[in-house]
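Working notes for the structure below.
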Ligand code: GLA
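Residue numbers (the numbering used here): 1 to 386.
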């Protein structure tokens with residue numbers, strides 16, 4: 001989180017940019033890092049994310065003048081929102097436009113506004129920067145007279161991402177950014193949206209997030225294709241096993257009986273989802289029982305599966321994961337989020353973190369010629385008004 005003094009400065013920046021007067025409110029939504037369970041959420045499966053301690057801040061003030069004026073310090077760009085013409089402009093502000101658009105299903109007369117976005121969350125790094133913008137915006141509508149319930153914050157944020165921006169992601173990011181609780185991981189069933197806050201009890205372990213430095217815009221990856229491969233696998237398995245709502249409903253035993261009915265590519269995709277889903281349940285039990293060794297082992301298996309079966313890793317993620325698991329004190333490491341770049345999450349003994357941070361950047365650079373950045377994180381709190 002940012003220091004008080006940095007935030008005070010932003011109030012002055014806000015007034016310098018948009019003028020003085022009126023009530024300026026401040027909202028915060030964190031990024032998230034997923035401990036385990038990737039590409040399970042759009043298959044009705046389990047995920048186990050935590051909120052990181054970095055996020056997006058939104059300063060907002062209702063205004064009488066259309067259009068709404070926005071500025072993002074993160075991308076150093078301004079934008080306008082014309083309430084009478086809410087169509088995607090294909091810039092960063094579409095995340096905000098989408099929220100404003102769908103929130104009108106709940107609140108009819110939303111006034112224009114001035115808004116400043118800033119924060120300390122890296123963009124396009126697989127830490128849900130877009131979900132944090134959407135959720136901060138959806139909460140911030142309260143300052144425009146539109147207080148949404150938490151489940152509606154998630155709904156509006158997800159619709160903005162799926163239908164306005166056009167990125168067909170699952171519910172994990174928007175849900176975890178909204179519902180995260182400090183000191184806990186969120187065990188979420190993405191199919192039913194039932195969830196449990198799992199206390200993070202591994203006192204002797206730290207979580208390091210290593211950013212490979214490979215940025216990617218998910219719209220330009222094969223994410224959409226992976227979704228449709230999963231749908232095809234589900235259709236074929238349903239023909240064999242009887243109707244199933246989603247892949248995560250298929251048990252390992254059922255899959256082992258029916259896997260040979262799938263073409264090899266779809267067999268790999270389904271195997272990842274079905275086994276990963278079971279790993280998430282085990283991982284949640286490990287967290288509860290304080291079993292860091294087994295949790296680390298599950299994280300490594302998850303990485304291998306995302307790399308070899310689901311094929312969403314990349315050379316740099318693999319390099320950082322491999323260098324990481326070779327280090328003393330590391331219990332497990334895996335790519336986290338969608339893949340194709342972004343971050344690795346490492347579970348490591350606390351007393352080995354310093355040594356890890358001294359050695360790994362150089363080793364990673366030697367094998368990839370990328371500079372990785374690292375933060376030690378612990379489960380932070382969810383989105384809120386500050
Ligand atoms: C992205 C999506 C999520 C999820 C992950 C992979 O972060 O936004 O919904 O599918 O990829 O687990």
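Note that CB positions come from ideal geometry on N, CA and C, so glycine has one too. Every value quoted in this text rests on a predicted model; they were computed, and no experiment measured them.
Give me the Cα-Cα distance between residue i and residue j, rounded to the nearest whole angstrom.
i	j	result
residue 139	residue 147	7 Å
residue 356	residue 380	23 Å
residue 196	residue 289	15 Å
residue 360	residue 14	40 Å
residue 310	residue 204	32 Å
residue 165	residue 151	20 Å
residue 178	residue 277	22 Å
residue 323	residue 74	30 Å
residue 67	residue 77	16 Å
residue 368	residue 217	20 Å
residue 18	residue 9	14 Å
residue 56	residue 154	16 Å
residue 98	residue 131	12 Å
residue 349	residue 261	44 Å
Based on the DSSP output, what are the partners of residue i in its beta bridges?
i	result
residue 186	197
residue 18	DSSP output for residue 18 lists no bridge partner at all.
residue 59	26 and 116
residue 346	208 and 333
residue 49	34
residue 140	Paired residues: none, contrary to the question.
residue 380	51
residue 385	27
If I follow the unbroken beta strand (DSSP E) through residue i, where does it start and stop?
i	result
residue 72	68–72
residue 336	330–336
residue 373	373–377
residue 79	77–81
Which stretch, first to last residue, makes up the alpha helix (DSSP H) that contains residue i?
i	result
residue 359	353–368
residue 94	94–103
residue 285	264–289
residue 223	223–241
residue 162	Where residue 162 is concerned, there is no enclosing alpha helix (DSSP H), given that its DSSP letter is neither H nor E.
residue 126	Looking at the DSSP string, residue 126 is not in any alpha helix (DSSP H), and its letter there is neither H nor E.
residue 1	Run containing residue 1: none; DSSP gives neither H nor E here.
residue 316	315–325
With 16 other CB atoms within 10 Å as the buried threshold, where does residue i fall?
i	result
residue 108	exposed
residue 28	buried
residue 212	buried
residue 321	buried
residue 313	buried
residue 136	buried
residue 49	buried
residue 125	buried
residue 30	buried
Cβ of residue i less than 8 Å from any chain D Cβ?
i	result
residue 280	Among the chains in the structure shown there is no chain D, since it carries only a single protein chain.
Measure how close the beta-carbons of residue i and residue j come, nearest whole angstrom, since I'm counting them as under 8 Å.
i	j	result
residue 120	residue 61	With a Cβ gap of about 22 Å, residue 120 and residue 61 do not count as contacting.
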